[in-house]
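For our numbering, count along the sequence shown from 1 and bump the result up by 1.
Ideal Cβ placement from N, Cα and C applies to all residues, glycine included.
Computed from a predicted structure; not experimentally measured.
Beneath this line is the structure, given in structure tokens, with notes to follow.
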Amino acid sequence: MSVVEVNFDGLVGPTHNYAGLSPGNLASMGSREQPADPRAAALQGLAKMRRLLELGFVQGVLPPQERPDLATLRALGFAGSDAQVLARAAGEAPALLTALGSAASMWTANAATVSPGADTADGRVHFTAANLHAQLHRSIEPPASARVLQKIFGDPRHFAHHPALPAQATFGDEGAANHARLCRAHGEPGVELFVYGRSAFDPQAPQPQRFPARQTREASAALARLHGLAADGVVFAQQNPAAIDAGVFHNDVIAVANGELLLHHEDAFLDGARVLDELAGKLARRGGHLQALCVPRALVSLEQAVRSYLFNSQLLTRADGSMLLVPEECREQAQVWAWLQALLAADNPIRALEVVDLRQSMRNGGGPACLRLRVVLTPGQLAATHAGVLLTPTLCDSLERWVARHYRDRLVSRDLADPQLLDESRAALDELTQILKLGALYSFQRV
Ligand code: SUG
2 MSVVEVNFDG LVGPTHNYAG LSPGNLASMG SREQPADPRA AALQGLAKMR
52 RLLELGFVQG VLPPQERPDL ATLRALGFAG SDAQVLARAA GEAPALLTAL
102 GSAASMWTAN AATVSPGADT ADGRVHFTAA NLHAQLHRSI EPPASARVLQ
152 KIFGDPRHFA HHPALPAQAT FGDEGAANHA RLCRAHGEPG VELFVYGRSA
202 FDPQAPQPQR FPARQTREAS AALARLHGLA ADGVVFAQQN PAAIDAGVFH
252 NDVIAVANGE LLLHHEDAFL DGARVLDELA GKLARRGGHL QALCVPRALV
302 SLEQAVRSYL FNSQLLTRAD GSMLLVPEEC REQAQVWAWL QALLAADNPI
352 RALEVVDLRQ SMRNGGGPAC LRLRVVLTPG QLAATHAGVL LTPTLCDSLE
402 RWVARHYRDR LVSRDLADPQ LLDESRAALD ELTQILKLGA LYSFQRV
């Protein structure tokens, strides 16, 4: 077997709900207080994983985090039994309980930035958990993300783990959602593209006016240093502030790369011509040939790009060319669907299209690419990866049965105060660690 890219998808957690927690994420803001269906959400995610497995891709799964986050509630002064902590938080600070009950860890593209061994100075795969500093409900994710990644990729001969960057506005880091890699083949040295929304040390640089820029240049630069990337294998690019203001809160909502292909919107980057030039030059020095596929704003507006999540598609390598896995919502935007049909008819590396229904996640702004963390692994590194999280048809069957047994089919944020939901979630997660053979992972299992 050669070097493979493994997609590790986050399993949707039992508290999936719509709380409107993400300013600048139009879907999250628009779905606030609508009832969610955690069971359907988890099954939709599993159906996507199963489809990729059927198509011959190596697929992994990452467990959800424990929510509501009782440990943080206690650290903030809510005391008593678990039920009392929930009741007190619901009474005194309902918004806090809502934030600490979010199932947002499902979007594993935000769990970490990962650099394959072919790019790093020591040949190991490097991981840095994202600090997700921009939002309270996500800023509590890094310790558990780091713990699970260390468990799955535990062999220090193959894998290096860095702690999340300092949790401070200067170093806002959203992980792989703002990171892409171009290469001739997965196993060859590539060029890593780090996209940021603002420069903390350069307040004169253009900034979005309406919505926050979550990632800083300073964070991106630190990641490239930590991962031991060569300067000629790295490109930094500022996101177009107009795109952020149109609802592009992460770069993976407006661009996606795979192999030598970069699919991007005309308005993705602030200085697009320079970015493409630098990428092409650096990739050429690594024997590659950049194929930039630009979608002009005249064909697909920023608004349509955000509504359809076209660029949050997964771009995957197959023996006969690339495959694009797009969300169902692309069908609903006539212009986007027409562009996709024209793409398939034209002579370009994208030969196949796969449509997936991820509506539950999409209503919170999480498309196909948000749900997965890409990890490029050599056969030796794959063999050193915890096998319990690598999907097989049998594992997929048992995860579907597990969801059916434990998940509710209706949830609103008020339900987060229900002690019964906490018990149900813990029972589910406890069983999940057995199914995935992960041992004691959650704090309630370790006391
Ligand atoms: O961080 N939504 C997530 C969506 C993350 C998508 N990830 C990528 N683009 N890679 C976010 O904005 C909404 C939660 C709520 O409103 O209930 C939320 O956190």
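query, result
"L442 versus V149, A428, G282, S29, residue with shortest Cα-Cα distance", "V149"
"Backbone CA spacing between G176 and Q85 [nearest angstrom]", "35 Å"
"One or two residues paired with R182 in a DSSP bridge", "E193"
"Residues bridged to R375 (per DSSP)", "N8"
"Alpha-carbon spacing of V7 relative to V377, whole angstroms", "6 Å"
"Among P420, V5, N349, nearest to L294 - alpha-carbon criterion", "N349"
"Cβ pair count under 8 Å reaching 3, the region 48-60 against the region 338-358", "yes"
"Alpha-carbon to alpha-carbon, A178 and H159", "23 Å"
"R275 burial status per 10 Å Cβ neighbour count (16 or more: buried)", "exposed"
"Cβ-Cβ separation, S23 to Q66 (assumed contact under 8 Å), whole Å", "Contact doesn't hold; Cβ gap of about 17 Å is too wide."
"Complete alpha helix (DSSP H) runs within the region 286-361 (minimum length 4 residues, chain order)", "303-309, 330-333, 335-346"
"Residues sharing a beta bridge with R199, DSSP", "T217"
"Supposed close pair G25, F212 - CB separation, criterion 8 Å", "3 Å"
"Meets three-Cβ-pair contact criterion under 8 Å: the region 280-293 and the region 307-324", "no"
"Beta-carbon proximity of D10 to L44, cut-off 8 Å", "no"
"G81 classed as buried or exposed, judged by whether at least 16 other C-beta atoms fall within 10 angstroms", "exposed"
"DSSP state of T434 mapped onto helix, strand, coil", "helix"
"T114 - containing beta strand (DSSP E), residue span", "113-116"
"Test item: CB-CB of A91 and L98 under 8 Å", "yes"
"Near ligand 1: G241 beta-carbon under 7 Å from a heavy atom", "Per the sequence shown, the amino acid found at residue 241 is Asn instead of Gly. The answer is no for N241."
"Contact between the region 253-270 and the region 294-311 (3+ Cβ pairs under 8 Å)", "yes"
"Residues near T393 in its chain [Cβ-Cβ closer than 8 Å; skip 5 each side]", "L54"
"L101 beta carbon less than 8 Å from that of T73", "yes"
"Integer Cβ distance of V235 from F195, believed to fall under 8 Å", "7 Å"
"Check: D253 C-beta below 7 Å from any heavy atom of ligand 1", "yes"
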